[in-house]
Amino acid sequence: SCQASVSRMHAAFGGTFKKVYEFLSTFITSG
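Reminder that position 21 of the sequence shown reads as 3 in this note's numbering, one-by-one numbering, no gaps.
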């Protein structure tokens, strides 16, 4: 149960990081 909670938190963090990364990449490429 604890492992599932950790993996779920890690997945949520990964999704948030991906959104931030995509936002930064579009911001940088747009100049």
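Even for Gly, the Cβ is constructed at its ideal location relative to N, Cα and C.
Here's a check: name, in chain order, each residue in its chain whose Cβ is nearer than 8 Å to the Cβ of residue i, leaving out the five neighbours to either side.
i: T8; result: none
Distance check for residue j and residue i, CA to CA, integer angstroms please.
i: T(-2); j: S(-17); result: 23 Å
i: T11; j: V(-12); result: 34 Å
i: A(-14); j: G(-4); result: 15 Å
i: V2; j: R(-10); result: 19 Å
i: T(-6); j: E4; result: Per the sequence shown, the amino acid found at residue -6 is Ala instead of Thr. So the alpha carbons of these two residues sit roughly 15 Å apart.
i: L6; j: K0; result: 10 Å
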